[in-house]
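Q: Dumping the structure here so I can ask a few things about it.
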Amino acid sequence: MANNLKWESQKLATWYFTVAAVLFGAQLLMGLIAATQFLYPAFLFELFDFSVARMVHINALVVWMLYAMIGSVYWLLPEETGIETVGVGIGKLLFWILTAAVTVVVLVYILVQVGPADQSTIWLIHEGREYIEAPRWADIGIVVVVLGFLGNVFLTAIKGERTGIMTVILADLIALAGLYLAGMGYTDNISMDQFWWWWVIHLWVEATWEVFVGSLAAYGLIRLIGASRQTVEMWLWIEVAMLFGSGILGLGHHYFWIGTPEYWWEIGALFSSLEPLPLVAMFVHVTYDWGRETGQGHEVSNSPALAWFFTNAFGNFLGAGIWGFFHTLPQVNIYTHGTQFTSAHGHLAFYGAYATILIGMFYIAVQGTNNIKQLKATFDSKMAIFLITLGVFGMTIALTVAGYGQVLVERAQMGATWEAFFISQDTLWFVQGLGWRLAMGVVTLVGFVYLIKDLLSTGKNPIHVR
Ligand code: HEM
Ligand code: HEM
Ligand SMILES: [Fe+2]
2 MANNLKWESQ KLATWYFTVA AVLFGAQLLM GLIAATQFLY PAFLFELFDF SVARMVHINA
62 LVVWMLYAMI GSVYWLLPEE TGIETVGVGI GKLLFWILTA AVTVVVLVYI LVQVGPADQS
122 TIWLIHEGRE YIEAPRWADI GIVVVVLGFL GNVFLTAIKG ERTGIMTVIL ADLIALAGLY
182 LAGMGYTDNI SMDQFWWWWV IHLWVEATWE VFVGSLAAYG LIRLIGASRQ TVEMWLWIEV
242 AMLFGSGILG LGHHYFWIGT PEYWWEIGAL FSSLEPLPLV AMFVHVTYDW GRETGQGHEV
302 SNSPALAWFF TNAFGNFLGA GIWGFFHTLP QVNIYTHGTQ FTSAHGHLAF YGAYATILIG
362 MFYIAVQGTN NIKQLKATFD SKMAIFLITL GVFGMTIALT VAGYGQVLVE RAQMGATWEA
422 FFISQDTLWF VQGLGWRLAM GVVTLVGFVY LIKDLLSTGK NPIHVR
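Residue numbers for the sequence shown follow our numbering, so the first one is 2 and each next one is one higher.
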């Protein structure tokens with residue numbers, strides 16, 4: 002690939018994006034294995050069990066997104082501050098350390114899989130905490146690497162110019178990194194373990210990651226359609242206030258059934274119900290700026306990226322806001338808790354809120370790397386966004402249907418007994434729902450192949466204006 006980047010920081014960013022894309026692909030393959038096992042339980046039985054495929058699927062998800070987020074920061078840092086990233090050499094070294102560690106962790110997940118369930122398992126194999134299963138040695142390594150990353154970002158921001166976007170990112174990164182520590186302790190009390198684990202998971206995806214996305218959207222709007230920085234940053238501050246205002250105490254919606262005090266019912270219900278509001282605001286903001294700027298004749302400098310950013314605004318609202326709100330009241334959650342409905346929401350929210358905008362950042366990076374003035378939509382880029390979005394949305398609908406079958410049969414009719422669980426798994430709606438999920442998963446994978454093909458061929462495609 003030709004490399005026309007002026008900033009070392011942006012070169013480093015492309016490394017992070019590359020690993021992110023590879024892990025995204027691995028995530029999809031693992032998802033397909035797990036989805037096949039739902040329908041044919043004997044598939045790879047005792048060789049590569051469902052528990053392992055599922056673990057690698059969702060850990061790869063979190064790790065590729067963190068990679069893409071770090072890449073995004075290294076990408077926008079020199080543009081926002083006007084200077085080269087301080088300590089970019091150390092940043093490159095840390096990239097290799099982190100990537101080597103991730104490789105070892107994944108190989109252990111796949112080859113060793115399970116341990117004797119004592120301290121050695123926690124230290125060397127995995128911690129068994131959904132999404133953030135990295136063993137303790139890797140946890141400590143991650144902390145060191147992240148401290149180095151934060152050091153680079155802060156020193157650069159202090160030395161260079163400081164925009165509103167940069168200020169929000171600085172504050173947000175401290176919170177985002179700090180929360181990881183909450184998921185590192187050890188207790189044999191499962192309620193306490195879950196209590197702190199949710200601090201990482203919920204306060205990441207419904208507070209700190211959302212604020213990060215707000216900052217990326219702000220950066221993207223200025224970059225892609227020439228939106229006014231003043232307007233964009235004003236919106237950003239409003240969104241940040243709303244996101245933290247609802248998201249922090251919205252944590253209570255995970256404290257309904259794990260043994261925490263009952264006052265969390267009211268707190269969780271109230272604040273998490275408010276969470277869709279900032280997502281509406283973000284959707285309105287992106288749509289408004291898009292309409293306003295293109296209405297004034299501003300050219301779109303990168304059409305695929307803008308398409309992904311817009312899909313983000315809408316998908317965030319739909320997956321997190323609407324699908325989240327559905328089951329956030331305890332009166333509803335008593336029926337839906339832990340069913341395929343949860344999985345439906347999990348897929349659309351992670352995709353809509355995060356995968357989309359990070360793919361948008363991939364496109365901004367290939368544009369810069371290949372020195373393209375105007376990046377246009379290609380057949381492949383359209384197929385990619387169409388098929389991936391169709392696939393994930395299709396999976397969401399299929400899982401929603403399966404989930405409702407479960408809610409009706411397992412919970413409402415049969416009272417959530419052990420037997421009820423198994424009977425509901427055999428109902429027609431459930432089985433067909435999972436069949437459609439697998440089919441839509443294949444559609445997603447095909448879209449992914451188009452995406453990679455498009456990203457890799459940007460440099461050679463004559464359609465773009467140079
Ligand atoms: C981008 C933001 C979001 C992401 C990525 C996300 C993702 C997820 C995921 C993956 C789970 C399943 C966790 C598990 O494994 O147990 C979950 C659970 C849940 N989410 Fe979200 N979510 C988001 C936003 C929201 C919002 C805004 C709401 C409410 C308005 C919400 C309400 C819930 C509830 C109530 C549960 C618990 C479901 C259960 O009891 O089984 N989420 N979320
Ligand atoms: C090829 C496409 C995909 C397939 C076939 C697939 C399949 C699966 C399967 C079978 C599970 C386990 C569900 C369970 O335990 O009941 C799962 C979990 C999950 N997947 Fe996927 N997946 C795919 C793509 C994605 C994408 C694109 C995302 C997000 C960007 C994603 C996010 C998640 C999350 C967050 C969970 C945990 C959900 C929960 O526990 O509620 N998956 N996936
Ligand atoms: Fe939550």
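Even for Gly, the Cβ is constructed at its ideal location relative to N, Cα and C.
Because the structure is a prediction, the values reported are computed rather than measured.
Select from Lys377, Lys383, Gln414, Arg438 the residue whose C-alpha is nearest the C-alpha of Pro463.
A: The shortest Cα separation from Pro463 among Lys377, Lys383, Gln414, Arg438 belongs to Lys377.
Q: Give the secondary structure of Val466 by DSSP, where H, G and I count as helix, E and B as strand, and everything else as coil.
A: Strand, per DSSP.
Q: Could you tell me the boundaries of the alpha helix (DSSP H) in which Gln38 lies?
A: 9 to 40 is the span of the alpha helix (DSSP H), which, as asked, contains Gln38.
Q: Under 8 Å, with one C-beta from each stretch per pair, do the stretch 277 to 287 and the stretch 249 to 264 reach the 3-pair mark?
A: No contact exists between the stretch 277 to 287 and the stretch 249 to 264.
Q: With DSSP collapsed to three states, give me the class of Asn303.
A: Reduced to three states, the DSSP call for Asn303 is strand.
Q: Assign Phe245 to buried or exposed, taking buried as 16 or more other Cβ atoms, counted over all protein chains shown, within 10 Å of its Cβ.
A: It counts as buried.
Q: Assess contact between the stretch 408 to 427 and the stretch 330 to 348, defined as three or more Cβ pairs (one per stretch) separated by less than 8 Å. Is contact present?
A: Yes: the two stretches touch, three or more of their Cβ pairs being nearer than 8 Å.
Q: Just curious, the alpha helix (DSSP H) that Val206 is in, first and last residue?
A: Here Val206 belongs to no alpha helix (DSSP H), and DSSP marks it neither H nor E.
Q: So who's on the other strand from Gln375, going by DSSP bridges?
A: According to DSSP, Gln375 bridges with Val466.
Q: Check Ile84 in the structure and name its three-state DSSP category.
A: Coil at Ile84, not helix or strand.
Q: Is Asn371 closer than 8 Å to Thr459 when the C-beta atoms are compared?
A: Yes; because the gap between Cβ atoms is below 8 Å, this pair is in contact.
Q: Have a look at His346 and Thr397 and give me their C-alpha separation to the nearest angstrom.
A: Distance between the alpha carbons of His346 and Thr397: 7 Å.
Q: Any chance you could list the residues with Cβ under 5 Å from a heavy atom of ligand 3, keeping chain order?
A: The set, ordered by position in the chain, is His203, Glu207.
Q: State yes or no: is the C-beta of Ser471 nearer than 7 Å to some heavy atom of ligand 1?
A: Outside the displayed span of the chain (2 to 467) sits residue 471, for which this structure offers no information.
Q: How is Gly186 classed by DSSP in three states: helix, strand or coil?
A: It is coil, neither helix nor strand.
Q: Sort Ile59, Gln11, Ser10 by Cα distance to Phe351 and report the nearest one.
A: Closest option to Phe351, Cα to Cα, is Ile59.
Q: Please return the same chain residues whose Cβ sits closer than 7 Å to the Cβ of Ile268, not counting the five positions on each side in sequence.
A: These residues qualify, in order along the chain: Leu250, Gly253.
Q: If you draw a straight line from the C-alpha of Glu131 to the C-alpha of Val466, how long is it?
A: C-alpha separation (whole angstroms): 45 Å.
Q: Counting only runs of 4+ residues fully inside the stretch 344 to 400, write out the alpha helix (DSSP H) ranges in chain order.
A: Counting only runs of 4 or more, we get 357 to 370.
Q: For the alpha helix (DSSP H) that Phe44 lies in, which residues bound it at each end?
A: Element bounds for Phe44: n/a, residue is neither H nor E.
Q: So which of Glu85, Leu177, Gly369 has the shortest CA-CA distance to Glu162?
A: Among Glu85, Leu177, Gly369, the Cα nearest to that of Glu162 is on Glu85.
Q: How would you write the range of the alpha helix (DSSP H) that Leu99 sits in, first residue to last?
A: First-last of the alpha helix (DSSP H) with Leu99: 89 to 112.
Q: From Leu446 to Pro262, what does the alpha carbon distance come to, in whole angstroms?
A: Roughly 43 Å separates the two Cα atoms.
Q: Taking DSSP as the reference, what is the three-state secondary structure of Gln297?
A: Note: Gln297 maps to coil in three-state DSSP.
Q: Would you kindly check if the distance between the Cβ of Gln28 and the Cβ of Ala61 is under 8 Å?
A: Contact: yes.
Q: With distance defined between alpha-carbon atoms, name the residue in Phe431, Asp455, Gly442 nearest to Gly406.
A: Per the Cα distances, Phe431.
Q: Anyone know if the C-beta pair for Phe25 and Trp65 falls short of 8 Å?
A: Going by C-beta atoms, Phe25 is nearer than 8 Å to Trp65.
Q: For Pro136, which of helix, strand or coil comes out of DSSP?
A: Three-state result, Pro136: coil.
Q: Is the beta carbon of Asn153 closer than 8 Å to that of Gly92?
A: Yes, these two residues count as a Cβ contact at 8 Å.
Q: I need the straight-line Cα distance from Leu99 to Gly353, nearest angstrom please.
A: Computed Cα separation, rounded: 27 Å.
Q: Count the other C-beta atoms from every protein chain shown that fall within 10 angstroms of the C-beta of Tyr17, then say buried if there are 16 or more, exposed otherwise.
A: With 16 or more other Cβ atoms within 10 Å, it is buried.
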